[in-house]
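First up is the structure itself, then whatever we jot down about it.
There are 4 protein chains.
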Amino acid sequence: MIAIQDILDTITKEAKAESHKGKVANYIPELAKVDKNKFGIGLLDEHGRLFKAGDAEERFSIQSISKVLTLSMAFGLLGNDLWKRVDVEPSGDPFNHLSLLEMENGIPRNPLINAGAIVIADVLISQLKNPKEAFLEYVRNITNDPSIAYDTHVAASEQKTGFRNYAAANLIKSFNNLHHPVEEVLDFYFHACSLSMSCEQLVHVFYMFSNRGKCLRNHEYLNTNQIKRINAIMLTSGFYDEAGEFAFKVGLPGKSGVGGGIVALLPGKFCVATWSPGLNEKGNSKLGMQALEKLTTRIGLSIF
Amino acid sequence: MIAIQDILDTITKEAKAESHKGKVANYIPELAKVDKNKFGIGLLDEHGRLFKAGDAEERFSIQSISKVLTLSMAFGLLGNDLWKRVDVEPSGDPFNHLSLLEMENGIPRNPLINAGAIVIADVLISQLKNPKEAFLEYVRNITNDPSIAYDTHVAASEQKTGFRNYAAANLIKSFNNLHHPVEEVLDFYFHACSLSMSCEQLVHVFYMFSNRGKCLRNHEYLNTNQIKRINAIMLTSGFYDEAGEFAFKVGLPGKSGVGGGIVALLPGKFCVATWSPGLNEKGNSKLGMQALEKLTTRIGLSIF
Amino acid sequence: MIAIQDILDTITKEAKAESHKGKVANYIPELAKVDKNKFGIGLLDEHGRLFKAGDAEERFSIQSISKVLTLSMAFGLLGNDLWKRVDVEPSGDPFNHLSLLEMENGIPRNPLINAGAIVIADVLISQLKNPKEAFLEYVRNITNDPSIAYDTHVAASEQKTGFRNYAAANLIKSFNNLHHPVEEVLDFYFHACSLSMSCEQLVHVFYMFSNRGKCLRNHEYLNTNQIKRINAIMLTSGFYDEAGEFAFKVGLPGKSGVGGGIVALLPGKFCVATWSPGLNEKGNSKLGMQALEKLTTRIGLSIF
Amino acid sequence: MIAIQDILDTITKEAKAESHKGKVANYIPELAKVDKNKFGIGLLDEHGRLFKAGDAEERFSIQSISKVLTLSMAFGLLGNDLWKRVDVEPSGDPFNHLSLLEMENGIPRNPLINAGAIVIADVLISQLKNPKEAFLEYVRNITNDPSIAYDTHVAASEQKTGFRNYAAANLIKSFNNLHHPVEEVLDFYFHACSLSMSCEQLVHVFYMFSNRGKCLRNHEYLNTNQIKRINAIMLTSGFYDEAGEFAFKVGLPGKSGVGGGIVALLPGKFCVATWSPGLNEKGNSKLGMQALEKLTTRIGLSIF
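Chains as they are written, first to last, in our numbering: chain A, 8 to 311; chain B, 8 to 311; chain C, 8 to 311; chain D, 8 to 311.
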C-alpha cells in the first residue's frame, strides 16, 4: 500500500475531469444547492495513517451514512435484544418498503433502510436522557473532533418534506414497534441524518469498523463480534437496490448517503470515504461508486 | 311492500335472540364501550314512509358510512374533476392498501377506502371555508335534523391512535395528492367519521341515493348521473373485502362502518339502515349483514 | 322500449364512423387478423324479441365471455361447494394476479379472472365424462343452436403462447387447488375461450341471466338465487380493472372478452351483446363500452 | 490452521449428539427418505490439504448448490452478457418471488433463486450441444472425479411435483426471457439439482472459488474478476431469506441446498462443505449452519 497517495490523486483527477457526474438529490431542498463539481476522498490505513485528496476536508450532509452510527450506538447499548425490533436481511426492491413493512408486521427488514433507522432512533430515545446531544457526543468522541455538528437547516428542511418517513414511522407505530411519539422519533432521526462531516472526519469515525471496534485512540466501542455483525449488514444492505452490484464491483462493506458520501472498509486493513454530490439512478453517488471500484482494483484488495 | 313492518319486527326479534353477535371493534377505545346487544333497523320507502324496529332511534358512531357523505358533498362541489384525485375501482385485498397506494402513485383506488376518503377530506378543505361546520350543516340540511352532531370524544380517540391513517395521509402527501397539512386533513376526516346518528337519521340522509339525488323535502343535492356513480361505487367497494359477498347476498349498493352500522338502498324503491355493534372477521356488522340478507330475500327485491 | 331498433341503428352508425377504434389484441396471433372495422350489436328483450344492427350475425372469438358460461355450468353441477375452490371478491389490480394467488394460497379471487376460470375448468373436468363435448352441448342447448363450435385454430394458437396461463395453472396446482394435469385443464380452458359466436348467439345464451335462469324455451338452467350470484360477480368483476368504471357508465352486470365482445344485461328486462375488435388500454372493447353507455343512457335504464 | 482436524472432529461429535436436527425436506418425495442422523464435513485448505469428518464421503442431493455451478459455467461461456438476462441483487422476501418477477418484467433478481437458475439453464441450453452431458463433464473435470452423476430418480421426482418451478418458468417465458421450451429448460434444471455428491467432492469443485478460479490441478475455469462476482452473489443471496444471518454468523460466501448441504469459502484460504439433512424454518440445514458458525469462530477467520 505504498502508493496510496498516488492512487487517490489519480482517482480525484479522473473524477474532476468526468463530464457525467449524476444528479444532485433535490427532494431535500437544502441538499439541492450543493456544487456538483466537488469531489473528495480520504483513507485511513491500519497504522492510522491518513491519505486524502480533492475536497476531502469539506463538510457535507452525511444523511444515511448516519444510520450505521446510530445502529452502532444502539447495538452497544442494547446488545442482541436489538434484533427483536429490526431484522438483518437485505430488503430487495426499494419501491415497496411500506408494503414489506405491512407484511412483516412492522419489523423493518434491516437497520440501514429508513424504516429500520427510525426504529433504531426510537431505541436510542428510550436509552438516552438527551438523545440528540448524546449521539453527537458519541460521534465526537469516536473521532476526537468536537467540531462535528448537526446542520439544523437540513434537519428542518427534511422535517417539512419527509412525508414518506412520517408514513413509515406511523405504520411502524400502528404495529406497536415505536415506543415514542412519531414527531419525537423523527426529530432525532432527521438530526442524525443532518450530521455535517468531511471525508476526513468520516474515516476517523468508521475506522473502528475496520479495527475490531476500537477507535484511533484505542477505545473500544463495540466488540469484534458486534463489528462483524454491522459489517455484514453493511455488505448486504448498505447500498439500496445496488448492494449486490457494490459487493461485486467494490467488494467491501460500506454505506452511502444521498448527500453524495460513501464510506467503505476492509476489515483489518483500511477505511475509506468519498464524496461527490451527483447520484446515479439508484440513489448512490455516481463518481463515488466509480472511485471505490478503481481503488480496490488498483490496490488489489477486497473481501472476496 | 305492505308487510314491511312485520318483516322488520321479525328480523329484530331474530337478531336479539342470536347468541353469536360478532366482536365489537376495539381499536378505537371509545367504540369498545358500546353494548353488543343493541340492534336497530330503519327503512324509508319510495313514498317517504318510515318503518323502524329495535334500537332504531339510538345514535351510534357512523364511522366509514360518513365516507359516502363526504364523497357526495365533494362530488357536488367539484364535479368530475374529483376523479383526477381518486379512482373508482374496487380495491381487492385490504391487507396491502399502502402497497397499492405506492404502486399507483398516491391515487387511492376508490373514495370509500380510508386513503380515498382522506383525499376527499382534502378536497373539501380546499372548497369550504369552515369545512367541519359546513359538512355538518350539509348532513343536517339533507335530513332536516339540526340535532345531528360530531362525537368529539370519538374523534379525539382516533386522533390519538389512528396511526395507519397518518401513514396513509403522509404517503399520499409524498405523492403531492394532498394539498393541506396532514394534521388538518385528518382532523376533518376523524370528525366526519365521528358523526353520531341513529338508523332513523341514516335512512333520512341516504334517502337521496334511492331518490335520484333528492331529499325528502325534494331538494336536489346531486343529479341522477352523479347518484348513479356513487351507487355504483357503493356496490363495488362499500364493504371492504366483502363487497362481492354483499353484492350477492344482499344485492344492493351500500356502506358499512366499524361502529356496526350499515346502510343500503334499492334505487327508486327504498333505503334501509341497520345497527348491531358486533363485527364479523371482515370488519362488517355480523347481524346487520344477516338482517339485510333476510330483508331482500323476504321482500324479494334486489338490483339483480 | 319501442325505439330499441332505432337506438341500435344510431349506435352502429356512430360506431362505424368513429375514427379511433382502439387496438386489436395481438398476443393471440389468430385474433390479430380480425378486421377492426367490424361492429355489431344485438339485444333480446324480456318478451324474447330480438333486435340487431351492424355485424350482429358475424361470429368472433368470445374469449373471456366464456368464463361466465363455464362458471354457470360448474355452479349448476356443484352448487355452493364451488366457493371452496374460488372466491367471489373483486380482484383489484390486474398486474399482480400471480402475487395475489401466492398470498391467498392458490384460491383465485373470483371465477372471472383467468386463474379463477382455470379452477372452474378443473371442476368441470371432474364432473363431466367428456368435458369439451359436454360444455359445447350445454351452450348449444341453451341457445338452441347446434352450429356453435370451437375455433380450434384459436385454441391451438393460445396453447402455444399462453405462458401466463400455464404459470397461473402451475401455481394453483402447487397449492393443491387443481386436481387434474395442467395440460388437460388448459386444453379445456383454451377450447372454452375459443368458442366462436355472434352477438345474436350471445344474447340467446345470456338471456337466461336476465330471465331468472331460464332460456328462451323456458328450460331452467340455474335457480334465481344462483343467477343473482353470477350477476353480482359479473357486476363487481366482469371488466378487468375497469369494473368500477363500467358499473358506473353502463350500470349493468356484464362480461367482456379480448376478442372485442361484451355482453351485459338488466335483470328482468333485457340482454345485450356488442362486438368491436379494437380494445382500450384496459383490455375492453373501446367502441363496445361506448355503445353500451349510450344504450343505457338513451333507454334510461340501469340497475342504479 | 494446525488444529483443523480436531475442530472438524469436535464439530461432528457435537452435531451427532444434537437432539434437535430440524426437518427433512418432504416436498420432493425422494429426499424425504434420507436419514436425519447423517452429518458430514469436509475442508480443503489453500495448500490443497483435505480434512474431513463424519459422513463426509457419503453422497447426497446437492440441489440448489448446483446453481453456483451452472452459473459458473454460463458465466464462463457468455461473460458479462449474462447480466442482461438476470440481475445480481438480493431478493428480499422469498414468499413473493413470482410477484417480483412480474414487477421486474421477467428478469430474476439473482441467479441463485430458482427463477434465476432457470434462466441460467436456458442460457446453457443455447450455448451447449448436449447440455446435460456437457454440464456433468464440467463438474467431473473440475473435481477430476468421473464418478459424479445425476440421480435420475430425484430428477424425475421433481419433474412430477415441481409446479412452482413450472409456474416460474412459464412466467419468465411470457416475458420472452426464456428461449427454449419450458419442458426442456426444466429437464436440464432438475437434472443439475439432482447431482449426487459428497462433502469431499463438493470442496473439490468449490475449491476454485477460494483459489481465484483455478481447480486443484491448476486449470483456470474463471478469471479472478469473475470469481469475485460469484463470491459476492453467494454472500448476498446464497441462503434464501437467511443471507443476512449467515453473512453475520459465518461471514463467508456460500450456498445451501434443501438436500441439507452447505458449501462456504474464505477467498485465498479454504473451502468447506457440510451435510445434515434436517432443515431450519428458513430452509437451510440446521446443523450445517451451526457447524459453520462454530468453524469460523474457532478458526477465528471470516471476511469481516
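Even for Gly, the Cβ is constructed at its ideal location relative to N, Cα and C.
Same chain only: Cβ atoms within 6 Å of residue i, ignoring 5 sequence neighbours per side
| i | result |
| --- | --- |
| A:N291 | F246, E249 and S263 |
| D:R305 | I14 |
| B:W282 | G47, F67, C206, G267 and G268 |
| B:F311 | G258 |
Delimiting residues of the alpha helix (DSSP H) encompassing residue i
| i | result |
| --- | --- |
| D:I310 | It is not in any alpha helix (DSSP H) - D:I310 carries neither H nor E in the DSSP assignment. |
| A:A124 | N121 to Q134 |
| B:L76 | S73 to L85 |
| C:I269 | Element bounds for C:I269: not the alpha helix (DSSP H) but the beta strand (DSSP E), G268 to L273. |
| C:F170 | F170 to S181 |
Proximity test, Cβ basis, 8 Å: residue i and chain D
| i | result |
| --- | --- |
| C:K180 | yes |
| C:L193 | no |
| C:S98 | no |
Chain-ordered neighbours of residue i on chain B, where CB pairs are closer than 9 Å
| i | result |
| --- | --- |
| C:K91 | Here the premise fails: no neighbours, minimum Cβ distance about 14 Å. |
Range covered by the beta strand (DSSP E) that runs through residue i
| i | result |
| --- | --- |
| C:G52 | Rather than Gly, the amino acid found at residue 52 of chain C in this sequence is Asp. Residues G47 to D52. |
| A:G261 | G261 to S263 |
| D:I18 | From DSSP, D:I18 is part of no beta strand (DSSP E) but of the alpha helix (DSSP H) over I11 to A24. |
| A:L202 | L202 to M204 |
| B:G61 | L57 to G61 |
| C:F246 | That residue, C:F246, is in no beta strand (DSSP E); it is neither H nor E in DSSP. |
is_contact[residue i, chain A] using C-beta, thresh 8 Å
| i | result |
| --- | --- |
| B:N177 | yes |
| D:F213 | no |
| B:L38 | no |
| D:P138 | no |
Residue i and residue j closer than 8 Å at C-beta
| i | j | result |
| --- | --- | --- |
| C:C349 | C:S71 | Summary: the structure shown does not reach residue 349 of chain C, with chain C confined to residues 8 through 311, and so no result is reported for it. |
| D:V2 | D:A176 | In the structure as shown, chain D begins at 8 and stops at 311. Residue 2 of chain D is therefore absent and cannot be evaluated. |
| A:C278 | A:V210 | yes |
| B:L35 | B:E165 | For clarity, residue 35 of chain B is Ile in the given sequence; the question names Leu instead. Yes, these two residues count as a Cβ contact at 8 Å. |
| A:T243 | A:P97 | yes |
| D:G285 | D:V126 | no |
| B:A239 | C:F255 | yes |
| D:L273 | D:S217 | yes |
| D:N117 | A:G251 | yes |
| C:P5 | C:V93 | No information on residue 5 of chain C is available, as it lies outside the stretch 8 to 311 that chain C covers here. |
Contact set between residue i and chain B, taken where Cβ atoms lie within less than 8 Å
| i | result |
| --- | --- |
| C:R66 | By Cβ distance, chain B contributes nothing, its closest Cβ being about 29 Å from C:R66, past 8 Å. |
| C:P274 | I310 and F311 |
Same chain only: Cβ atoms within 7 Å of residue i, ignoring 5 sequence neighbours per side
| i | result |
| --- | --- |
| B:Y228 | S79, G83, I149, M215, G220 and C222 |
| A:Q12 | F58 |
| A:M204 | R66, I69 and I155 |
| B:F182 | N112 and G113 |
| D:L308 | L273 and K276 |
Chain C residues whose Cβ lies nearer than 9 Å to that of residue i
| i | result |
| --- | --- |
| B:V95 | G251, E252, A254 and F255 |
| D:S106 | N103, L105, S106, L107, E109 and M110 |
Any chain C beta carbon closer than 8 Å to residue i
| i | result |
| --- | --- |
| B:A239 | yes |
| B:K43 | no |
| D:F170 | yes |
| D:E21 | no |
Chain D residues whose Cβ lies nearer than 7 Å to that of residue i
| i | result |
| --- | --- |
| A:I310 | I310 |
| C:E111 | The contacting residues do not exist; C:E111 stays about 12 Å from chain D at best. |
| A:K235 | F255, G258, S309 and F311 |
| C:L229 | Neighbours of C:L229 on chain D: none; closest Cβ ~33 Å, over 7 Å. |
Below-8 Å beta-carbon distance, residue i vs any chain B residue
| i | result |
| --- | --- |
| C:K301 | no |
| C:L286 | no |
| C:L242 | yes |
Proximal residues of chain D, C-beta to C-beta of residue i below 9 Å
| i | result |
| --- | --- |
| C:Y173 | Y173, A174, A176, N177, L178, K180, S181 and V189 |
Same chain, Cβ closer than 8 Å to residue i, five either side skipped, listed in chain order
| i | result |
| --- | --- |
| D:L294 | A22, E25, K28, G29, F46, T281, S283 and G285 |
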